[in-house]
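One structure is given here, and the rest of the page talks about it.
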Amino acid sequence: MKRIILIVMLSIPVAAWAFFKPVRIVAPELAGLSCLDDTLCIDDLSRTREAAKLYDEALQFVDASVGAIENKPRVIFCSSDACSESFNLGNRAGMTIGTFGIVINSRGWKPFYVRHEMIHHLQNEQLGMFAAWTKPKWFFEGMAYSLSEDPRSKLSEPFEQYRSQFERWYTSVGKERIWSEARHL
Ligand SMILES: [Zn+2]
């Protein structure tokens, strides 16, 4: 019995932690954010137009040049460090959790960063939430950096290598077969 109690006690913080971030993304109001609708949340309402423009442009871009997004993602735009920290973003410009949502930090308010995260959302829709752990990283990150048209001519490693590897693969596979081929990776 004691042992069972100990196991339960030890597993609670882990379970709570695993649950914590998706809960914030599913219910951003709980984190003090304003949601304009199901898809757009923000911590600084004075930047709503800018966020909405970034959102619409990225969605149209990904739909047209990468693949059709089935369900429009929820995107949370953080202007303050406190907002980014509440999602544990670290130094990342953005983060996508499954198909629950996307968080963009203060330096991620750029078209290619929002497109990058929307490509991750599309990958999760097409391949399932767990594919990011089971499939090669060069595919996930290389695709997001390449097809978002990230303007940086040289990325920090390993991302530069991931991008080149993806581009070689994509040239041989082509846009039409991207998901069917990705399922075999
Ligand atoms: Zn990424």
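If you count by this note's numbering, then the sequence shown holds residues 95 to 279, one letter each, in order. Here a beta-carbon is modelled for each residue, glycine too, at the ideal position from N, C-alpha and C.
Cβ of residue 234 within 8 Å of any heavy atom in ligand 1? yes
Straight-line CA distance for residue 107 to residue 179? Because residue 107 sits at a pLDDT of 45, beneath the cut-off of 50, its placement in the model cannot be relied upon, and the following sentence gives the value as read from the coordinates. So the alpha carbons of these two residues sit roughly 19 Å apart.
If you reduce the DSSP assignment to three classes, tell me which class residue 177 lands in. helix
Compute every distance between the C-beta of residue 210 and the non-hydrogen atoms of ligand 1, then say whether any falls below 8 Å. yes
Where do the N-terminal and C-terminal ends of the beta strand (DSSP E) with residue 236 fall, by residue? That residue, residue 236, is in no beta strand (DSSP E); its alpha helix (DSSP H) goes 231-241.
Alpha carbons only, please: which of 195, 216, 136 is nearest the one belonging to residue 158? 216
When we look at the beta-carbon of residue 131 and count the other beta-carbons within 10 Å, is it buried (16 or more) or exposed? exposed
Coarse secondary structure for residue 275, derived from DSSP in three states: helix
Exposed or buried, residue 134, counting other C-beta atoms within 10 Å across all chains shown (16 or more means buried)? buried
Ignoring anything shorter than 3 residues or poking outside the region 122-173, list the beta strand (DSSP E) runs there in chain order. 134-136, 169-171
Answer with buried or exposed for residue 128, where buried requires no fewer than 16 other C-beta atoms within 10 angstroms of its C-beta. exposed
Sort out for me which residues DSSP pairs residue 267 with in a bridge. DSSP lists no partner for residue 267.
The region 241-260 / the region 192-201 touching (three or more Cβ pairs under 8 Å): no
Grouping DSSP H, G and I as helix and E and B as strand, with all else coil, what is residue 223? coil
Mapping the DSSP letters down to three states, classify residue 190 as helix, strand or coil. strand
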